[in-house]
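S.K.:
Chains as they are written, first to last, in my numbering: chain A, 1271 to 1700; chain B, 2 to 251.
(1) Listed in chain order, which residues of the segment 1421-1446 of chain A have Cβ atoms closer than 7 Å to some Cβ of chain B?
(2) Can you tell which of 201/B, 181/B, 190/B, 248/B has its C-alpha closest to the C-alpha of residue 1440/A?
(3) To the nearest angstrom, how far is the alpha carbon of residue 119/B from that of residue 13/B?
(4) If you run the structure through DSSP and keep just helix, strand and coil, what is residue 45/B?
(5) Mapping the DSSP letters down to three states, classify residue 1487/A as helix, strand or coil.
(6) Take residue 64/B and list the residues in its own chain whose beta-carbon comes closer than 8 Å to its own, dropping the five residues that flank it on each side.
(7) Who are residue 1307/A's beta bridge partners in DSSP?
(8) So, are the CB atoms of residue 1559/A and residue 1548/A less than 8 Å apart?
(9) Considering only C-alpha positions, which residue in the set 1485/A, 1431/A, 1641/A is nearest to residue 1318/A?
(10) Under a CB-based cut-off of 8 Å, is residue 1670/A close to chain B?
(11) Beta carbons nearer than 7 Å to chain A: which residues of the segment 107-139 of chain B have them?
(12) Could you check if residue 1497/A is buried or exposed, using at least 16 other CB atoms within 10 Å of its CB as the buried criterion?
(13) Ends of the beta strand (DSSP E) at residue 1538/A?
(14) Pull up the distance between the alpha-carbon of residue 1386/A and that of residue 1625/A, whole angstroms please.
(15) Which value, in whole angstroms, describes the spacing of the CA atoms of residue 166/B and residue 196/B?
(16) Roughly how many angstroms separate the alpha carbons of residue 191/B and residue 1330/A, rounded to a whole number?
(17) Closest Cβ-Cβ distance between residue 47/B and chain A: below 8 Å?
(18) In chain B, which residues lie with their C-beta within 7 Å of the C-beta of residue 1239/A?
(19) Listing by chain order, which chain A residues have their CB less than 8 Å from the CB of residue 233/B?
(20) In the structure shown, what three-state DSSP assignment does residue 1693/A receive?
(21) What residues in its chain sit with their C-beta under 7 Å from that of residue 1491/A, if we drop five residues either side in the sequence?
(22) Return the chain-ordered ranges of every alpha helix (DSSP H) run that is complete within the segment 121-163 of chain B and spans a minimum of 4 residues.
(23) Considering only the beta carbon of each residue, do residue 1448/A and residue 23/B sit closer than 8 Å?
(24) Cβ of residue 201/B less than 8 Å from any chain A Cβ?
(25) Compute the Euclidean distance between the alpha carbons of residue 1287/A and residue 1649/A, then round it to the nearest angstrom.
(26) Going residue by residue through the segment 1421-1484 of chain A, where are the continuous alpha helix (DSSP H) segments of at least 4 residues, counting only ones entirely within it?
(27) Is residue 1537/A near residue 1619/A, with beta carbons less than 8 Å apart?
(28) Under the DSSP definition of a beta bridge, which residues are partnered with residue 53/B?
(29) Does the separation of the CB atoms of residue 204/B and residue 246/B fall below 8 Å?
(30) Under 8 Å, Cβ to Cβ, is there at least one residue of chain A near residue 246/B?
(31) Pull the bridge partners of residue 1640/A from the DSSP assignment, please.
(32) Could you say which of 1383/A, 1512/A, 1437/A lies nearest to residue 1327/A if we only look at CA atoms?
(33) Could you name each continuous alpha helix (DSSP H) segment of 4 residues or more that falls completely within the segment 1321-1372 of chain A, going from the start of the chain to the end?
(34) Cutting at 7 Å between CB atoms, please list the residues of its own chain near residue 1586/A, excluding the five before and the five after it.
(35) If you follow the alpha helix (DSSP H) that residue 1556/A is part of, which residue opens it and which one closes it?
(36) Identify which residue in 155/B, 158/B, 163/B, 225/B has its Cα closest to the Cα of residue 185/B.
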């Protein structure tokens, strides 16, 4: 097949958030080009944020992504509070982390059960999966609902929460009001542990990544809602230095900007977090990881479903811990009087590090905004994986190879709405 | 009789409104037994050909390709329901309608020539006939379920055209605007969310868009007297349904 040219097309990649396209060209048995085409209609958030008040980004940027609005709200709050020189009361910072656990639970349960697991079990979707294994899908939906219950309790709404503001929250529940939520989460912990055991039995294709990994780091706990940045290549830097390390550039085939870390390809998200921070997981989560056969790091993207499961266990466990120690804070928010300045904020969205930067004038109006979502950071790494997967499996027929490529993309749970949309896979073999 | 088919379509949007369908955790599997989900890319890699009995359309029209695609969707759909602020009014991305889109593009992209975009973000109804509209940023899960149930039963969906105030009163919440002097768009905002913001002690910020006949000119002095600057009033009417609210504010 050395001179054979192949052309394959998949008109739309499903079970990802948003839509995009993939173009692969193989000539003479060599993968010549792999482009993840993202043609999400641009929505220009960074442009229309200019001139808005410093209190508005949590509500406005939440609308970038319906799957991870809390991530946008949190990174925005972190950046603006830094610009204004304000620090949250520690109990309020704990509530922010607790709310974020809800988003991790909801988003990871969505990806594991509704988007990713059907790949391993040969079903087109979870509804088809439910015809054979209804109890499994019901379990996943219950887990997702537990995350949404947590989001509704503290956020007022699961999608685009209304209770988040710069400086904290509008109002907070009493300790007694959390009893039903704690009960829901105790049941969810068992389901999360079952999830890890269940996915540990899947068959995982071999692929070992050599990308650099980037994730937030916090001393003493698995970073979620804040932190500094670390890489597996040994860098450590503050959110303030993010733009000195991560550079975004535009490529013609995508409306999502591509990012590079100190000039090289890198990856953010569950594999990066786990590889950099697994020692900080709770004892329950670490034990679940060990039983599932995960070591201290994980570099096989197909096994990311396991890592998401372990993070699910952790998020439920951590939410229970935070609820256990919860007393209604003395005030729901701290004042954030505006001042001229620049603020940088990061947090760990379910899909990876999300960076926001705002430049404010002395009245608090935004002069400039910069947002770097995880999926645009991961685009180059996803393309590299695809190149390796295709090169290593040229013996497969077109349908099987296409299927493997789609799975390779779904490993990253790409949120194309954050960065892009309409995945249309075009194969061109010549 | 075969099960009716449902299709879900995405245009410029955040995915949140179609996610609302998957957020119906208790109803999803039962619902899937009554309806054939024929096209829902976010949830399934199985795509069945049209025509479709019911299409849910999320997102606004912002590209030339999407301007053509919405006509294809309409042609394949017996009933077309738009879901969410983007689809029903153009969304927050309609802020470009009041700005210079070329300048917007140059702020976000180094090479604007690669980016294909229209100068406006417009609702679906500006392009094709729409049978029903679900408002909200995002839509309300109860309204979505109620609408699908009604359509399956051959009824007209029961969607409110009153203000958030009616829901606030029904919940027995204290009026933030009157009792506490908190600026609130509840009196001019379409009901449907269940008065979520007043429920967390926050003034409504209008994410369901203007009600049927809003008396906005009367509300504005009230907002001003509760401490909002003129610029802040302008901004609060320039968010998720800006293309509608700017019209009402005049």
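Ideal Cβ positions, reconstructed from N, Cα and C, are used throughout, including at glycine.
M.R.: In terms of the structure at hand:
(1) Under the 7 Å Cβ criterion, the segment 1421-1446 of chain A contributes 1426, 1427, 1428, 1429, 1430, 1432, 1433, 1440, 1441.
(2) Nearest option by C-alpha distance: 201/B.
(3) Rounded to the nearest whole angstrom, the CA to CA distance from residue 119/B to residue 13/B is 12 Å.
(4) Reduced to three states, the DSSP call for residue 45/B is strand.
(5) In the structure shown, residue 1487/A adopts extended strand secondary structure according to DSSP, grouped into three states.
(6) Answer for residue 64/B: 13, 117, 118, 119, listed in chain order.
(7) For residue 1307/A, which the question treats as bridged, DSSP gives the partners 1291/A.
(8) In contact: residue 1559/A and residue 1548/A (Cβ atoms closer than 8 Å).
(9) Selected option, being the one with the closest Cα: 1641/A.
(10) No, its Cβ sits nowhere closer than 8 Å to a Cβ of chain B.
(11) For the segment 107-139 of chain B, the beta-carbon criterion of a distance under 7 Å to any beta-carbon of chain A is satisfied by 108, 109, 110, 111, 112, 115, 116, 118, 138, 139.
(12) That one is buried.
(13) Element bounds for residue 1538/A: 1536-1538.
(14) Near 26 Å, if we compare the C-alpha coordinates of residue 1625/A and residue 1386/A.
(15) Taking the straight line joining both Cα atoms gives about 8 Å.
(16) For the pair residue 191/B and residue 1330/A, the Cα-to-Cα distance works out to about 19 Å.
(17) Judged by the 8 Å Cβ criterion, residue 47/B is in contact with chain A.
(18) No answer is possible for residue 1239/A: it lies beyond the span of chain A, which begins at 1271 and ends at 1700.
(19) Residues of chain A passing the Cβ test: 1323.
(20) Residue confidence for residue 1693/A is low, a pLDDT of 31 falling below 50, so the modelled location carries little weight and cannot support an answer.
(21) The beta carbon of residue 1491/A sits closer than 7 Å to the beta carbons of 1550 from its chain, once the five residues preceding and following it are set aside; these are given in chain order.
(22) Taking only runs of at least 4 residues, the alpha helix (DSSP H) segments lying wholly in the segment 121-163 of chain B are 142-153.
(23) Between residue 1448/A and residue 23/B, the C-beta spacing is not below 8 Å.
(24) Yes, residue 201/B lies at the interface with chain A (some Cβ there is under 8 Å from its Cβ).
(25) One C-alpha to the other measures close to 14 Å.
(26) The segment 1421-1484 of chain A contains these whole alpha helix (DSSP H) runs: 1449-1470.
(27) No, they are not a contact pair.
(28) In the DSSP output, where bridge partners are listed per residue, residue 53/B has 78/B.
(29) In this structure, residue 246/B does not lie closer than 8 Å to residue 204/B by Cβ.
(30) So no, residue 246/B is outside the interface.
(31) Per DSSP, 1627/A.
(32) Out of 1383/A, 1512/A, 1437/A, 1437/A has the C-alpha closest to the C-alpha of residue 1327/A.
(33) Every alpha helix (DSSP H) stretch that sits fully inside the segment 1321-1372 of chain A and reaches 4 residues is listed by chain position as 1327-1332, 1339-1353.
(34) These residues qualify, in order along the chain: 1375, 1455, 1458, 1459, 1462.
(35) Here the alpha helix (DSSP H) through residue 1556/A covers 1553-1561.
(36) Nearest C-alpha to residue 185/B: 225/B.
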